[in-house]
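Visitor: Sharing a structure with you now.
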Amino acid sequence: DVKVTQSSRYLVKRTGEKVFLECVQDMDHENMFWYRQDPGLGLRLIYFSYDVKMKEKGDIPEGYSVSREKKERFSLILESASTNQTSMYLCASQIGGQETQYFGPGTRLLVL
Amino acid sequence: GENVEQHPSTLSVQEGDSAVIKCTYSDSASNYFPWYKQELGKRPQLIIDIRSNVGEKKDQRIAVTLNKTAKHFSLHITETQPEDSAVYFCAAGNTNAGKSTFGDGTTLTVKP
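Each protein sequence line maps, in turn, to chains R and H. Everything in the first sequence is counted per the working numbering, starting at 1 for the first residue and increasing by one. Everything in the second sequence is counted per the working numbering, starting at 1001 for the first residue and increasing by one.
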């Protein structure tokens, strides 16, 4: 069974702090994704990666960066957190382009 | 890029009735159309998907139809049950792009 885990379920940070969100998958999947989920706005893609050290911008990359140094781990970085980045962040992994995305449990981030 | 519109945003039905959720997409290159269900407080999970070479797919009480000419696809749930209450997301994906674009979600409530 595919397992996708995220480092924190809840996180409270202050404006201007650097924030790291980590995602780990155990199924040797090629593709990994970071989304943010806000009420009424669905799942919006921030960044995705289809291989180690490879990354592609999604629909809303501004204010975020990512790192994928190992195949199983995909990190989302908020360089300087702002209140409008308060959201639920979901990580997902996928074996290939036409396959199921498996989601992590989500990290609810509050930026004060 | 791809744009996916999903309707309705909320849907309330009586137990035993059918529910239909519709999505349209803009990119004719999209060839993979998954549907995810997200129960309250849980992660999204795939419930059914369809590929562009198929017009309809059924799995017990759920079915998905795809009209490539009109660029729309629909989720049909028959004999709804209270446990079908959740947020449903459609998505349109492209093997070459390696990512999917999600709709904004439909909150389905099944009243006992």
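The beta-carbon is built from N, C-alpha and C at its ideal position, and this holds for glycine as well. Nothing here was measured: the structure is a model prediction, and the numbers come from that model.
(1) Taking Cβ positions, are residue 104/R and residue 12/R nearer each other than 8 Å?
(2) Quick check: what's the CA-CA separation for residue 58/R versus residue 1049/H?
(3) Starting from residue 1054/H, trace the beta strand (DSSP E) both ways and give me its first and last residue.
(4) Per DSSP, which one or two residues make a beta bridge with residue 1014/H?
(5) Go ahead and label residue 32/R buried or exposed: buried means 16 or more other beta carbons lie within 10 angstroms of its beta carbon, across all protein chains shown.
(6) Only counting the same chain, and skipping five residues up and downstream in sequence, which positions put a Cβ closer than 6 Å to that of residue 71/R?
(7) Under a three-way DSSP split, which group does residue 1083/H fall into?
(8) For the beta strand (DSSP E) that residue 1100/H lies in, which residues bound it at each end?
Guide: So, to answer that:
(1) no
(2) The straight-line gap from Cα to Cα measures roughly 22 Å.
(3) Per DSSP, residue 1054/H belongs to no beta strand (DSSP E) and is neither H nor E.
(4) DSSP, once it has assigned bridges, lists 1111/H as partnering residue 1014/H.
(5) Buried: at least 16 other Cβ atoms inside 10 Å.
(6) The answer, listed in chain order, is 52.
(7) helix
(8) 1099 to 1102
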